[in-house]
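Presented below is the structure to which this report refers.
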Amino acid sequence: MGKIRFYSVIIGLLGMLLVQCQTKEKEGETKSTPTFLIDNSSLLAFEDIVSEVEFIPLMAPKDTLINLSCNVSELVVNDKIFYASRCYKDLSIHTFDLEGNHLQSWNKKGEGPGEYPSLHGLIVDNNELYISTGRGSILKYGLPAFEFKEEIQLGDYNFVPTVSFISAYNWLISSEPPGNERQEIFHVVNTESGKVNSLPILSLPYSGELNPGMFANMEEGKLLSFGLSDTIYSYQHDAIKPFVILNFGDKSISPDDFELEGEAFVEKTLLSQNYAFNTGQIDYSEGIIKFMAYGIEKNPLFDQADLSTFPFYDVFISRNTGELKMTKALLNIRNNSCSAEGYFYQAMQQTDWQRALDLGYFGKYEEKLLQSIEKLSDEEDPIILKFKVAF
Numbered sequence: 001m002g003k004i005r006f007y008s009v010i011i012g013l014l015g016m017l018l019v020q021c022q023t024k025e026k027e028g029e030t031k032s033t034p035t036f037l038i039d040n041s042s043l044l045a046f047e048d049i050v051s052e053v054e055f056i057p058l059m060a061p062k063d064t065l066i067n068l069s070c071n072v073s074e075l076v077v078n079d080k081i082f083y084a085s086r087c088y089k090d091l092s093i094h095t096f097d098l099e100g101n102h103l104q105s106w107n108k109k110g111e112g113p114g115e116y117p118s119l120h121g122l123i124v125d126n127n128e129l130y131i132s133t134g135r136g137s138i139l140k141y142g143l144p145a146f147e148f149k150e151e152i153q154l155g156d157y158n159f160v161p162t163v164s165f166i167s168a169y170n171w172l173i174s175s176e177p178p179g180n181e182r183q184e185i186f187h188v189v190n191t192e193s194g195k196v197n198s199l200p201i202l203s204l205p206y207s208g209e210l211n212p213g214m215f216a217n218m219e220e221g222k223l224l225s226f227g228l229s230d231t232i233y234s235y236q237h238d239a240i241k242p243f244v245i246l247n248f249g250d251k252s253i254s255p256d257d258f259e260l261e262g263e264a265f266v267e268k269t270l271l272s273q274n275y276a277f278n279t280g281q282i283d284y285s286e287g288i289i290k291f292m293a294y295g296i297e298k299n300p301l302f303d304q305a306d307l308s309t310f311p312f313y314d315v316f317i318s319r320n321t322g323e324l325k326m327t328k329a330l331l332n333i334r335n336n337s338c339s340a341e342g343y344f345y346q347a348m349q350q351t352d353w354q355r356a357l358d359l360g361y362f363g364k365y366e367e368k369l370l371q372s373i374e375k376l377s378d379e380e381d382p383i384i385l386k387f388k389v390a391f
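In terms of my numbering, the sequence shown is residues 1 to 391.
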């Protein structure tokens with residue numbers, strides 16, 4: 001019953017909160033791995049950490065049935081903006097130019113050949129688009145016609161929360177292990193040979209019941225992160241090693257806390273706001289790591305029924321210079337950011353940008369936001385936040 005209560009608390013409070021447990025062993029850690037103190041001494045207002053800000057309204061054609069409003073989405077930016085709704089009744093994919101003008105929309109949701117039953121990840125590589133179903137398969141489509149090309153089988157996994165493209169036939173995936181046993185959660189899969197190389201990072205009890213891992217592209221490799229991890233790893237040249245170590249000081253979770261049962265663990269580590277930790281969200285752009293932390297400071301207005309009041313923080317690290325900056329996160333943990341050419345991108349729904357206005361979150365950049373809002377076809381449509389961090 002304790003296990004059931006635990007999952008009820010997590011699902012009821014956070015929905016898709018990506019909290020995981022990690023092994024305390026640091027695989028391959030060396031003295032050269034930089035350590036960063038994550039505390040409120042580096043906390044700044046958003047306007048004080050950025051050098052450039054742009055707000056891109058996604059403008060759907062008027063008098064159409066296209067619905068862009070969804071509080072869980074996927075975002076990819078290259079020479080276009082790809083925006084996908086993850087709301088189960090929709091699962092549409094839309095493209096826009098870099099000014100936010102609508103180009104195309106597709107929807108092949110379904111259980112039939114060439115259709116995707118769910119959407120747990122979106123990858124665009126050249127003229128090909130990949131959709132991860134979360135069920136151990138990836139559907140490949142050609143662009144711009146969105147014609148179905150093939151279904152790629154990753155293997156027999158209970159659930160595959162995240163995937164990342166390495167090269168032809170090679171994928172980096174995270175998996176959800178069954179039960180509460182400690183298991184390896186990151187795997188390199190060759191879909192041509194069927195060979196699987198599991199990386200030496202282990203889960204702990206309960207992590208397998210949640211989304212256990214996330215990736216970010218970096219030069220010649222990937223970054224790997226997962227909830228409660230005090231290490232962010234790199235995977236380069238077929239080898240994994242610690243990239244940075246996160247020190248949460250006197251707000252770090254004690255090893256003994258990992259032995260707590262279900263509801264007691266959530267109450268002590270999450271709801272009390274007494275602890276700070278890495279949520280697992282990860283991004284990277286031109287030498288800057290971006291991850292989301294929890295609990296750096298307590299929110300006096302904390303309401304466990306309102307995810308927007310949870311104390312999330314966006315943390316930015318320049319590994320080369322040893323600098324770190326952080327700001328209170330406007331968005332919650334349910335949506336990933338993406339990056340391109342030194343910029344970070346996040347999709348703001350109407351509730352997000354309205355809260356930003358109420359809080360004065362963007363400071364001197366607020367007028368730009370107001371101008372962007374005026375361009376929306378529908379005030380329920382999202383606005384893409386594009387920014388560059390100053391180091």
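From the three backbone atoms N, C-alpha and C, an ideal C-beta is built for every residue, glycine too. This structure is a prediction, so every number in the text was calculated from the model and none was measured.
**Request:** Give me the Cα-Cα distance between Phe302 and Phe186, rounded to the nearest whole angstrom.
**Result:** The count along the sequence shown starts at 1 and reaches residue 302 at position 302. The count along the sequence shown starts at 1 and reaches residue 186 at position 186. Rounded to whole angstroms, Phe302 to Phe186 spans 34 Å at the Cα level.
**Asked** Using the rule of at least 16 other Cβ atoms within 10 Å of the residue's Cβ for burial, across every protein chain shown, is Ala239 buried or exposed?
**Response** Taking the sequence shown and counting its residues from 1, the one referred to as residue 239 is at position 239. Looking at its Cβ environment, which holds fewer than 16 other Cβ atoms inside 10 Å, Ala239 is exposed.
**Prompt:** Asn107: which of Asn67, Asn40, Leu246, Glu99 sits nearest, CA to CA?
**Reply:** In the sequence shown, the residue the question calls residue 107 occupies position 107. Nearest in C-alpha terms to Asn107, of all of Asn67, Asn40, Leu246, Glu99, is Asn67.
**Item:** Contained beta strand (DSSP E) runs [length at least 3] in the segment 272-322, N- to C-terminal order
**Value:** Secondary structure remark: continuous beta strand (DSSP E) runs of at least 3 residues inside the segment 272-322, in chain order: 277-285, 288-294, 312-318.
**Those runs of the alpha helix (DSSP H) which lie wholly inside the segment 226-261 and span at least 4 residues** = Complete alpha helix (DSSP H) runs here, min 4: none at all.
**Request:** Give, in chain order, every unbroken run of the beta strand (DSSP E) that is at least 3 residues long and sits entirely within the segment 118-147.
**Result:** Correct list: 121-125, 128-132, 137-142.
**Message:** Quick check on Ala216: buried or exposed, where buried means 16 or more other Cβ atoms within 10 Å of its Cβ?
**Reply:** Counted from its first residue, the sequence shown places residue 216 at position 216. By the neighbour-count rule (16 or more Cβ atoms within 10 Å), Ala216 is buried.
**Request:** For the segment 147-159 and the segment 95-103, state whether three or more C-beta atom pairs, one from each stretch, are separated by less than 8 Å.
**Result:** No, they do not touch.
**Item:** Boundaries (first-last residue) of the alpha helix (DSSP H) holding Thr351
**Value:** Looking up residue 351 in the sequence shown gives position 351. From DSSP, the alpha helix (DSSP H) with Thr351 extends over 350-359.
**Exposure label - Asn336; buried when at least 16 CB within 10 Å** = Start at 1 with the first residue of the sequence shown, and residue 336 comes out as number 336. Its Cβ being crowded by 16 or more others within 10 Å, Asn336 is buried.
**Request:** Could you work out which residue in Asp230, Gly249, Asp250 is closest to Pro242 when comparing CA atoms only?
**Result:** Position 242 of the sequence shown holds residue 242. The option with the nearest alpha carbon to Pro242 is Asp230.
**Message:** The alpha helix (DSSP H) that contains Ser175, what's its start and end?
**Reply:** Reading the sequence shown from its first residue, position 175 is the one you call residue 175. Secondary structure note for Ser175: it is in no alpha helix (DSSP H), with a DSSP letter that is neither H nor E.
**Prompt:** Between which two residues does the beta strand (DSSP E) containing Ser392 stretch?
**Reply:** A question about residue 392 goes unanswered here, because the residues of the chain that appear run from 1 up to 391.
**Asked** For Leu376, does the three-state DSSP call read helix, strand or coil?
**Response** Looking up residue 376 in the sequence shown gives position 376. Here Leu376 sits in coil by DSSP.
**Prompt:** Hey, Gly221 and Tyr235: beta-carbon distance below 8 Å or not?
**Reply:** Residue numbering aside, residue 221 sits at position 221 when the sequence shown is read from its first letter. Residue numbering aside, residue 235 sits at position 235 when the sequence shown is read from its first letter. Going by beta carbons, Gly221 and Tyr235 fall inside the 8 Å limit.
**Prompt:** For the 8 Å Cβ check, are there 3 or more pairs between the segment 159-175 and the segment 123-143?
**Reply:** Yes, the segment 159-175 touches the segment 123-143.
**Item:** Status (buried if at least 16 other CB within 10 Å, exposed otherwise) for Pro61
**Value:** For the purposes of this step, residue 61 is identified with residue 61 of the sequence shown, where counting begins at 1. Exposed, by the Cβ-count rule.
**Request:** Check Phe46 in the structure and name its three-state DSSP category.
**Result:** Position 46 of the sequence shown holds residue 46. Correct three-state label for Phe46: helix.
**Request:** Decide if Thr321 is buried, meaning its Cβ has at least 16 other Cβ atoms within 10 Å, or exposed.
**Result:** For the purposes of this step, residue 321 is identified with residue 321 of the sequence shown, where counting begins at 1. With fewer than 16 other Cβ atoms from the protein chains shown falling within 10 Å of its own Cβ, Thr321 counts as exposed.
**Prompt:** To the nearest whole angstrom, what separates the beta carbons of Ile384 and Ile93, a pair I think is in contact under 8 Å?
**Reply:** Counting from one through the sequence shown, the residue named residue 384 turns up at place 384. Counting from one through the sequence shown, the residue named residue 93 turns up at place 93. Ile93 and Ile384 do not touch by the CB rule: their CB atoms are close to 15 Å apart, not below 8 Å.
**Item:** Three-state class that DSSP yields for Gly363 in the structure shown
**Value:** On the sequence shown, position 363 is the one that residue 363 refers to. Helix at Gly363.
**Nonlocal neighbours in the same chain, by C-beta distance under 6 Å from Asn299, ignoring five residues either side** = Counted from its first residue, the sequence shown places residue 299 at position 299. Non-local C-beta neighbours of Asn299 in its own chain, meaning closer than 6 Å and more than five positions away in sequence, comprise Thr309, Pro311, ordered along the chain.
**Message:** Check this for me: beta carbons of Arg334 and Val72, under 8 Å apart or not?
**Reply:** The residue labelled residue 334 in the question sits at position 334 within the sequence shown. The residue labelled residue 72 in the question sits at position 72 within the sequence shown. The Cβ atoms of Arg334 and Val72 lie closer than 8 Å to each other.
**Message:** Which of the three DSSP states is assigned to Ala347 in this structure?
**Reply:** In the sequence shown, counting from the first residue as 1, residue 347 sits at position 347. Reduced to three states, the DSSP call for Ala347 is strand.
**Asked** What are the partner residues of Ala57, as DSSP defines its beta bridges?
**Response** The count along the sequence shown starts at 1 and reaches residue 57 at position 57. Just to set this straight, residue 57 is Pro in the shown sequence, not Ala. Ile383.
**Prompt:** Alpha carbon to alpha carbon, how far is Cys21 from Gly213?
**Reply:** Locating residue 21 in the sequence shown gives position 21, counting from the first residue. Locating residue 213 in the sequence shown gives position 213, counting from the first residue. Because the pLDDT at Cys21 is just 36, under 50, the model does not fix this residue reliably, and the value given afterwards should be weighed accordingly. The straight-line gap from Cα to Cα measures roughly 10 Å.
**Asked** Taking just the CA atoms, how far does Ala340 sit from Gly142?
**Response** Residue 142 sits at position 142 when you count from the first residue of the sequence shown. Residue 340 sits at position 340 when you count from the first residue of the sequence shown. Gly142 and Ala340: Cα-Cα distance of roughly 22 Å.
**Message:** Within a Cβ cutoff of 6 Å, which residues of the same chain sit near Asp378, ignoring the five residues on either side of it in sequence?
**Reply:** Residue 378 sits at position 378 when you count from the first residue of the sequence shown. If we look at Asp378 and ignore the five residues flanking it on each side, it has no Cβ neighbours.
**Message:** Going by DSSP, what residue range makes up the beta strand (DSSP E) through Ala329?
**Reply:** Within the sequence shown, residue 329 is the residue found at index 329, counting from 1. Element bounds for Ala329: n/a, residue is neither H nor E.
**Message:** Rounded to whole angstroms, what is the Cα-Cα separation between Asp39 and Met348?
**Reply:** In the sequence shown, residue 39 corresponds to position 39, counting from 1. In the sequence shown, residue 348 corresponds to position 348, counting from 1. For Asp39 and Met348, the distance between alpha carbons rounds to 26 Å.
**Request:** May I ask you to report which of helix, strand or coil DSSP gives Pro161?
**Result:** Mapped onto the sequence shown, residue 161 falls at position 161. Coil at Pro161, not helix or strand.
**Request:** Below 7 Å CB to CB, which residues in the same chain sit around Val77 once its five sequence neighbours on both sides are set aside?
**Result:** Taking the first residue of the sequence shown as position 1, residue 77 is located at position 77. For Val77, where only same-chain residues beyond five positions count, the Cβ hits under 7 Å are Cys338, Ala340, Tyr345.
**Asked** For Thr351, does the count of other Cβ atoms within 10 angstroms reach 16, so buried, or fall short, so exposed?
**Response** As a position in the sequence shown, residue 351 is number 351, starting the count at 1. Of the other Cβ atoms in all chains shown, fewer than 16 fall within 10 Å of the Cβ of Thr351; this residue is therefore exposed.
**Message:** At the level of alpha carbons, what is the spacing between Asp257 and Val315?
**Reply:** Position 257 of the sequence shown holds residue 257. Position 315 of the sequence shown holds residue 315. Computed Cα separation, rounded: 24 Å.
**Message:** On the CB-based measure, 16 or more other CB atoms within 10 Å of its CB, does Glu367 come out buried or exposed?
**Reply:** Numbered from 1 along the sequence shown, position 367 holds the residue referred to as residue 367. Label assigned to Glu367: exposed.
**Contact under 8 Å by Cβ, Ile288 with Ser318** = Sequence index remark: in the sequence shown, residue 288 carries index 288 (1-based). Sequence index remark: in the sequence shown, residue 318 carries index 318 (1-based). Yes.
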